[in-house]
Amino acid sequence: MLRTHYSSGLDSKQDGKTVTVAGWVHKVRDIGKVKFLIIHDKDGEIQITAKKGECPDDVFREISSISRESVVSVKGTAKANKSAPAGMEVFPENLTIVSKAQAPLPLETDPSIKSELDTRLNYRFIDLRRKEVAAIFRIKDVVHRSFIKYMEQEGFTLMHVPCVVAAATEGGTNLFPVSYFENEAFLSQSPQLYKQMLMASGVDKVLIVTPVFRAEEHNTTRHLNESTQMDIEVAFVEDEQDALNYMQDSINFIYKNVQHLCKPQLDVLGRKLVMPDQKFKQVTYDQALELLKKDDIKIKWGDDLTPEAERVLCKKFNPVIVTKWPTDVRAFYCMHEPGNEKVCRGYDLLIDGMEISSGAQRLHDYEKLVAEMKRRKMNPKSFSFYLDAFRFGCPPHAGWSFGLERLTMVICGLKNIREAMLWPRDRTRITP
Ligand code: AMO
Numbered sequence: 000m001l002r003t004h005y006s007s008g009l010d011s012k013q014d015g016k017t018v019t020v021a022g023w024v025h026k027v028r029d030i031g032k033v034k035f036l037i038i039h040d041k042d043g044e045i046q047i048t049a050k051k052g053e054c055p056d057d058v059f060r061e062i063s064s065i066s067r068e069s070v071v072s073v074k075g076t077a078k079a080n081k082s083a084p085a086g087m088e089v090f091p092e093n094l095t096i097v098s099k100a101q102a103p104l105p106l107e108t109d110p111s112i113k114s115e116l117d118t119r120l121n122y123r124f125i126d127l128r129r130k131e132v133a134a135i136f137r138i139k140d141v142v143h144r145s146f147i148k149y150m151e152q153e154g155f156t157l158m159h160v161p162c163v164v165a166a167a168t169e170g171g172t173n174l175f176p177v178s179y180f181e182n183e184a185f186l187s188q189s190p191q192l193y194k195q196m197l198m199a200s201g202v203d204k205v206l207i208v209t210p211v212f213r214a215e216e217h218n219t220t221r222h223l224n225e226s227t228q229m230d231i232e233v234a235f236v237e238d239e240q241d242a243l244n245y246m247q248d249s250i251n252f253i254y255k256n257v258q259h260l261c262k263p264q265l266d267v268l269g270r271k272l273v274m275p276d277q278k279f280k281q282v283t284y285d286q287a288l289e290l291l292k293k294d295d296i297k298i299k300w301g302d303d304l305t306p307e308a309e310r311v312l313c314k315k316f317n318p319v320i321v322t323k324w325p326t327d328v329r330a331f332y333c334m335h336e337p338g339n340e341k342v343c344r345g346y347d348l349l350i351d352g353m354e355i356s357s358g359a360q361r362l363h364d365y366e367k368l369v370a371e372m373k374r375r376k377m378n379p380k381s382f383s384f385y386l387d388a389f390r391f392g393c394p395p396h397a398g399w400s401f402g403l404e405r406l407t408m409v410i411c412g413l414k415n416i417r418e419a420m421l422w423p424r425d426r427t428r429i430t431p
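Here numbering that gives the first Met the number 0 is used: the first residue of the sequence shown is 0, the next is one more, and so on.
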């Protein structure tokens, strides 16, 4: 290996020992008889201290000529030094330029220099060398793993479903068509139909993490055309509260894990994570409209909440779950409130003014599902593969979906969702 230690592994135990460290050249400080070469690796920075006459002449000479962001491997003696990064420095005996970086760099890695998001995304591989960017993706990793871990503890099975599909789930206009031999096919907007079909299979508790694709025209700071959904579906529910319990408990678990495992990353981002309450406030859609009216925000009954309305609601309660939505704003598969077809058992979770999750108890009665589809002028024949699952024994079920990038965005305090996606797909961006 070209390294024996990462920056994070250099501590007083290595004092006086020979180590090999490697990484990208951040900067060189030349003060005549001493040269400091700062390299960075995935965990932080390492100071290489070259003293004229003490280190080999060729190493001393070469240090000044290495271009920034070149990859180097340095073998030398580790020494404790309180003023060096992490309290350790390395006195070099041998230096190898592993990969030379061309100059000029297309993107600055110095955190004091601000770069346009577009340039950063074009050179994401360099952007990720900045610790505040790397921190976001370490946090996203912990969010993703914590979700899976929590659901595993609760007895959910992780399953995989197709991304190439024949029918829309969340509305027919937002689909990307794909050429699929002689058939019409689309990229999946959601694993919705499959997770529901699994409820008729006896698996009972399922979790799915998958990319989803939405051909939404709008170019906003909270929408991507390809995003990652973390879904669950659970069977034998009494009502929607059974699924909502998993929602609030998993959010609490994720936040606690991020707090515990990502302290350095939160510090780099200057982020103080406010832990959500153990139990989330719930308001019905009707109550939300009343509350908003007091702040002069008028939403017509039957309309979706605007981003402004979501922000204002979160100023009152954060997080907040909005329940009992008008049936017509939600997808066809949502269960109606008994005795009131106009209202359904759908819900949204809002955190820090943003919709993080959406879900519902579902219609599991075949006749009612077909009737609802017909009411919406949908053709049940196009969904026969899905409807079959309701004809041969399907228990009541409910579920929801977290947008992984949205959740990462609120946890990291980001202003643009593109920051939470390595290579975002938006209205104009399909490369890199
Ligand atoms: P919904 O369409 O609300 O529900 O999506 C679920 C969650 O995914 C995130 N999300 C997005 N993130 C980024 N860009 C987008 N364009 C985007 N669209 C959605 C949001 C949202 O809350 N099938 C249902 C879920 C269910 O009922 O189980 C669904 O997909 O955080």
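Glycine included, C-beta positions come from ideal geometry on N, C-alpha and C.
Taking 8 Å as the cut-off, decide whether the C-beta atoms of arginine 417 and glycine 352 are in contact.
Residue mapping note: residue 417 aligns to position 418 of the sequence shown, counting from 1. Residue mapping note: residue 352 aligns to position 353 of the sequence shown, counting from 1. For arginine 417 and glycine 352, no; Cβs fall outside 8 Å.
Unbroken stretches of the alpha helix (DSSP H), 4 residues or longer, contained in the region 100-171
116-121, 123-126 and 130-152
Is alanine 359 near the ligand AMO, with its Cβ less than 7 Å from a heavy atom?
If you number the sequence shown from 1, residue 359 lands on position 360. Indeed, a heavy atom of the ligand AMO lies less than 7 Å from the Cβ.
To which residues of the same chain is isoleucine 37 closer than 8 Å at the C-beta, ignoring the five residues directly before and after it?
Residue mapping note: residue 37 aligns to position 38 of the sequence shown, counting from 1. The answer, listed in chain order, is Val24, His25, Lys26, Val27, Arg28, Glu44, Ile45, Gln46, Ile47 and Pro84.
For glutamine 360 and methionine 334, which I take to be in contact (beta-carbon distance under 8 Å), what is that distance rounded to the nearest angstrom?
Residue numbering aside, residue 360 sits at position 361 when the sequence shown is read from its first letter. Residue numbering aside, residue 334 sits at position 335 when the sequence shown is read from its first letter. Going by Cβ atoms, the distance from glutamine 360 to methionine 334 rounds to 4 Å, so yes, they are a contact pair.
Might you give, ordered along the chain, the residues of its own chain that have their beta carbon closer than 7 Å to the beta carbon of arginine 137, omitting 5 neighbours on each side?
Your numbering for residue 137 matches position 138 in the sequence shown. Taken in chain order, the residues that qualify are Cys261 and Gln264.
Cut-off 6 Å between Cβ atoms - residues of its own chain near valine 409, not counting five sequence neighbours on either side
Start at 1 with the first residue of the sequence shown, and residue 409 comes out as number 410. Same-chain partners within the cutoff: Ile350, Asp351 and Met353.
When DSSP builds the beta bridges, which residues end up paired with tryptophan 453?
As shown, the chain starts at 0 and ends at 431. That puts residue 453 outside it, with no answer to give.
Give a single yes or no on whether arginine 405 has its beta carbon closer than 7 Å to a heavy atom of the ligand AMO.
By 1-based counting over the sequence shown, the position of residue 405 is 406. Yes - the ligand AMO has a heavy atom lying nearer than 7 Å to the Cβ of arginine 405.
Are valine 257 and leucine 272 closer than 8 Å when you measure CB to CB?
The sequence position of residue 257 within the sequence shown is 258, counting from 1. The sequence position of residue 272 within the sequence shown is 273, counting from 1. Yes, the pair counts as a contact, with Cβ atoms nearer than the cut-off.
Within 8 Å, strictly: CB atoms of aspartate 249 and methionine 150:
One-based indexing of the sequence shown puts residue 249 at position 250. One-based indexing of the sequence shown puts residue 150 at position 151. The question names aspartate, but residue 249 in the sequence shown is serine. Result yes, Cβ atoms of serine 249 and methionine 150 sit closer than 8 Å.
Put arginine 344 into one of helix, strand or coil per three-state DSSP.
For the purposes of this step, residue 344 is taken as the residue at position 345 of the sequence shown. Three-state DSSP puts arginine 344 in a strand.
Please name the residue in Ala165, Phe316, Lys16 and Val177 whose C-alpha comes closest to that of proline 275.
Here residue 275 corresponds to residue number 276 of the sequence shown, with the count starting at 1. Of the candidates Ala165, Phe316, Lys16 and Val177, the one whose C-alpha sits nearest the C-alpha of proline 275 is Phe316.
Would you say the beta carbon of glutamine 228 is closer than 7 Å to some non-hydrogen atom of the ligand AMO?
Translated into positions along the sequence shown, residue 228 becomes position 229. Checking every heavy atom of the ligand AMO against the Cβ of glutamine 228, one is found closer than 7 Å.
Taking just the CA atoms, how far does isoleucine 207 sit from leucine 157?
Locating residue 157 in the sequence shown gives position 158, where the first residue counts as 1. Locating residue 207 in the sequence shown gives position 208, where the first residue counts as 1. Approximately 6 Å between the Cα atoms of the pair.
The region 363-383 touching the region 220-228, judged by at least three CB pairs closer than 8 Å
no
Residues near threonine 322 by beta carbon distance below 6 Å, same chain, minus five either side:
Position 323 of the sequence shown, counted from the start, is the residue given in the question as residue 322. The answer, listed in chain order, is Gln281, Thr283 and Tyr346.
Consider the C-beta atom of isoleucine 355 and the heavy atoms of the ligand AMO; say whether any pair is separated by less than 7 Å.
The sequence position of residue 355 within the sequence shown is 356, counting from 1. Yes, Cβ of isoleucine 355 sits closer than 7 Å to a heavy atom of the ligand AMO.
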